[in-house]
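This report concerns only the one structure given below.
Residue numbers (our numbering), protein chains in the order written: chain H, 168 to 584; chain Y, 8 to 240.
Pasting the structure below:
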């Protein structure tokens with residue numbers, strides 16, 4: 168099957184009418200090009216969206232207090248309340264399979280609430296536990312994050328966003344050891360952080376201050392109140408299944424009506440993440456289906472041309488059969504011509520597609536990050552399966568022409584001039 | 008070498024059936040040079056196609072070199088054609104994108120002869136028909152007589168039992184025709200069995216035996232005194 172003469176002949180036939188071959192090949196090139204581009208664009212969008220989740224423990228829910236809307240246990244509706252630190256332990260005891268519970272208090276000055284020398288700004292202040300680093304998409308780029316010693320000793324230390332450093336400090340000024348006056352209390356800067364995802368709201372997110380939870384509570388008189396919690400489940404367990412248990416636990420301890428849907432606010436990141444995942448799975452399928460449909464029209468073009476080629480060569484096929492070539496060999500010849508044509512043009516399409524993606528990536532690198540679009544690409548698996556699809560479709564495209572080639576009786580084929 | 012008994016063949020033309028061969032009997036021995044003569048419509052091409060296994064008879068027996076030719080599937084027929092028969096056509100039927108040597112080597116390729124041996128043999132037969140220097144020319148670069156010589160070399164390349172020639176001089180002028188017939192006679196002198204279908208009297212008389220066909224039956228089967236073509240060249 169793979170001898171030199173066979174290949175020589177395939178090349179001879181395909182190059183005999185070069186223009187026609189190229190036009191035919193274009194159909195397949197176009198199809199595979201569209202397929203690759205669609206998949207890459209989908210992947211780029213996926214990468215862009217997923218970047219927002221990067222570094223975040225996606226198996227996480229966030230929970231915060233709102234106003235009660237139902238009277239319960241002798242308490243009126245419209246009541247403001249807070250979680251208590253004891254709720255953290257309560258949740259741990261009542262709901263198994265939780266990895267991290269990070270309670271948080273937050274403050275935000277409507278006017279400037281942070282001062283350094285002559286500079287000032289309005290920033291959000293978080294009283295957090297060190298574990299929040301595993302649940303957030305931030306990383307410390309200079310100095311250190313808070314630790315449990317800070318928590319225990321209620322040290323007034325602060326980790327500030329890189330944006331704040333730019334706002335308040337000179338470019339070459341040492342940040343570590345500097346004292347910021349936060350809502351009237353001095354905190355020492357021990358580190359700065361950056362967002363892991365650099366697109367979208369990065370600028371805003373790098374303008375927050377993390378201080379130890381205990382120091383925050385003491386400095387700003389929050390007693391044992393907790394305003395917000397980030398709760399991450401153990402790996403392999405879905406937080407979505409635990410949301411109800413967690414919420415009802417705090418409802419009970421905070422004396423909230425069990426049917427009060429609005430008293431406890433929460434956000435299930437995992438569910439959201441799964442929704443995004445399935446969205447992209449759907450998008451991938453759409454890309455594959457649309458691309459394949461375009462490819463099919465190219466394949467039909469190949470089949471058409473092969474039919475014409477066979478028709479043109481009827482006399483030649485007659486001669487060959489008179490000389491003793493077996494029908495199977497003729498069939499194989501047509502099939503291999505068809506596969507060669509589709510596979511070659513498919514490879515060209517893949518190469519053009521890859522170059523285009525490369526160009527887009529280079530362009531993206533040059534103009535900087537674009538919202539919700541990052542690093543479009545196709546995996547090797549996709550490329551390999553595209554090749555497989557091409558071989559199969561080349562076979563299919565050649566099948567009808569190959570059969571028609573041997574259907575003509577040699578005597579009739581010989582009479583055709 | 009060739010033996011046929013009571014061969015019948017008819018073609019369906021719409022609702023009518025055209026009886027072309029109406030019971031032919033004859034045999035051809037090894038080394039014979041036989042002309043089948045007849046006007047158009049006499050059934051000579053049909054007979055040749057059946058002998059060439061390109062067509063099948065409705066009834067009757069056909070034995071080629073002791074092998075009964077019957078109920079062949081296409082693969083088997085292709086094998087037999089390749090092994091037993093060499094075809095020479097009126098319109099040469101060379102493959103126009105292959106050069107002379109490649110055309111000659113084609114039957115050997117179907118016999119799966121190794122490439123090198125194929126090329127050597129092709130050159131040997133091209134040499135025999137006097138076209139060794141033209142081995143790498145395409146058919147379009149050859150004259151009619153040269154094309155027919157290439158076709159003859161190709162027919163002989165597989166060393167078949169019988170050469171079947173269908174109006175092999177039909178597309179050539181008389182001088183070239185005689186040259187080709189001279190070549191055919193030389194090949195026959197080497198002991199090859201050759202069957203020539205023609206409607207030209209002078210070509211027929213360059214053979215050793217003439218079978219006259221008329222309206223699907225053998226009118227006359229005569230041995231003739233062979234006219235050597237070299238006398239005219």
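The beta carbon of each residue, even a glycine, is placed where N, CA and C say it ideally should be.
| said: Considering Cα atoms alone, identify which of H:456, H:559, H:548, H:477 is closest to residue 181 of chain H. | reply: H:477
At a Cβ threshold of 7 Å, is residue 189 of chain Y touching chain H? Chain H contact via Cβ: absent.
(Q) For residue 65 of chain Y and residue 17 of chain Y, I'd like the C-alpha separation in whole angstroms. (A) 7 Å
Beta-bridge pairing of residue 275 of chain H - partner residues as DSSP gives them: H:291
Exercise. Look at the alpha carbon of residue 222 of chain Y and the alpha carbon of residue 29 of chain Y, and state the distance between them as a whole number of angstroms.
Key: 8 Å
Practice item. Excluding the 5 residues preceding and the 5 following residue 562 of chain H in the sequence, name in chain order all residues of the same chain whose CB lies nearer than 7 Å to its CB. Key: Excluding sequence neighbours, residue 562 of chain H sits near 502, 506.
> When you compare each of H:579, H:534, H:457, H:499 to residue 197 of chain H by their alpha carbons, which one comes out closest?
Replying inline: H:457
Notebook entry, point to check: The beta strand (DSSP E) spanning residue 514 of chain H covers which residue range?
Noted result: Taken as a continuous stretch (DSSP letters only), residue 514 of chain H belongs to no beta strand (DSSP E), being part of the alpha helix (DSSP H) at 494–534.
Let's test the definition: count the other Cβ atoms within 10 Å of the Cβ of residue 199 of chain Y and tell me whether it reaches 16, buried, or not, exposed. Flag for residue 199 of chain Y reads buried.
key: Cβ neighbours of residue 605 of chain H in the same chain (closer than 8 Å, five flanking residues each side left out)   = A question about residue 605 of chain H goes unanswered here, because the residues of chain H that appear run from 168 up to 584.
_Please tell me whether residue 88 of chain Y has its Cβ less than 7 Å away from any Cβ of chain H._
Yes, its Cβ sits closer than 7 Å to a Cβ of chain H.
Report task. Output the residue ranges of the beta strand (DSSP E) runs that lie fully inside the segment 95–126 of chain Y and measure 3 residues or longer, sorted by chain position. Result -> none
Practice prompt. Report yes or no: is there a C-beta of chain Y within less than 7 Å of the C-beta of residue 564 of chain H?
Written response: no
Review point. Relative to the C-alpha of residue 536 of chain H, which residue among H:177, H:215, H:174 is closest?
Key: H:215
Would residue 311 of chain H pass as a contact of residue 401 of chain H if the rule is Cβ separation under 7 Å?
no
One question on the structure: do residue 51 of chain Y and residue 45 of chain Y come within less than 7 Å of each other, judged by their Cβ atoms? yes
Q: Please name the residues in the segment 566–580 of chain H whose beta-carbon is closer than 8 Å to at least one beta-carbon of chain Y, in chain order.
A: Of all residues in the segment 566–580 of chain H, 573, 576, 577, 578 have a Cβ within less than 8 Å of some Cβ in chain Y.
**Message:** So within the segment 375–423 of chain H, which uninterrupted beta strand (DSSP E) runs reach at least 3 residues, ignoring any that extend past its ends?
**Reply:** 375–379, 395–400
Review point. Thinking C-beta only, is residue 205 of chain Y closer than 7 Å to residue 84 of chain Y?
Key: no
For residue 409 of chain H, which of H:228, H:460, H:352 has the nearest alpha-carbon? H:228
* CA-CA distance, residue 428 of chain H and residue 206 of chain H? -> 41 Å
Does the beta carbon of residue 449 of chain H sit closer than 7 Å to a beta carbon anywhere in chain Y?
-> Output row for residue 449 of chain H: interface = no.
| So what does residue 231 of chain H bridge to, in DSSP terms? | H:395, H:432
_Residues sharing a beta bridge with residue 26 of chain Y, DSSP_ = Y:17
Taking only three categories from DSSP, how would you classify residue 544 of chain H? coil
Which residues bound the beta strand (DSSP E) around residue 225 of chain Y?
224–230
List, in order along the chain, the chain H residues whose C-beta lies closer than 8 Å to that of residue 82 of chain Y?
Those within 8 Å of residue 82 of chain Y in chain H are 493, 494, 495.
(message) Which residues in chain H have a C-beta closer than 7 Å to the C-beta of residue 33 of chain Y? List them in chain order.
(response) Under the 7 Å cutoff, chain H gives no residues; its nearest Cβ is about 22 Å from residue 33 of chain Y.
| Cβ pair count under 8 Å reaching 3, the segment 563–581 of chain H against the segment 25–39 of chain Y | no
| As assigned by DSSP and simplified to three states, the class of residue 186 of chain H | helix
Looking at residue 318 of chain H and residue 379 of chain H, is the spacing between their C-beta atoms short of 7 Å?
yes
Taking 7 Å as the threshold (C-beta atoms), are residue 299 of chain H and residue 516 of chain H in contact? no
| query | When the Cα atoms are used, what is the spatial distance from residue 21 of chain Y to residue 553 of chain H? | reply | 50 Å
Would you say residue 472 of chain H and residue 191 of chain H are within 7 Å of each other, going by their C-beta atoms? yes
Q. What residue from H:329, H:328, H:314 has the CA that sits closest to residue 322 of chain H's CA?
A. H:314
Tell me the residue span of the alpha helix (DSSP H) that contains residue 185 of chain Y. Annotation for residue 185 of chain Y: the continuous alpha helix (DSSP H) segment containing it runs 181–196.
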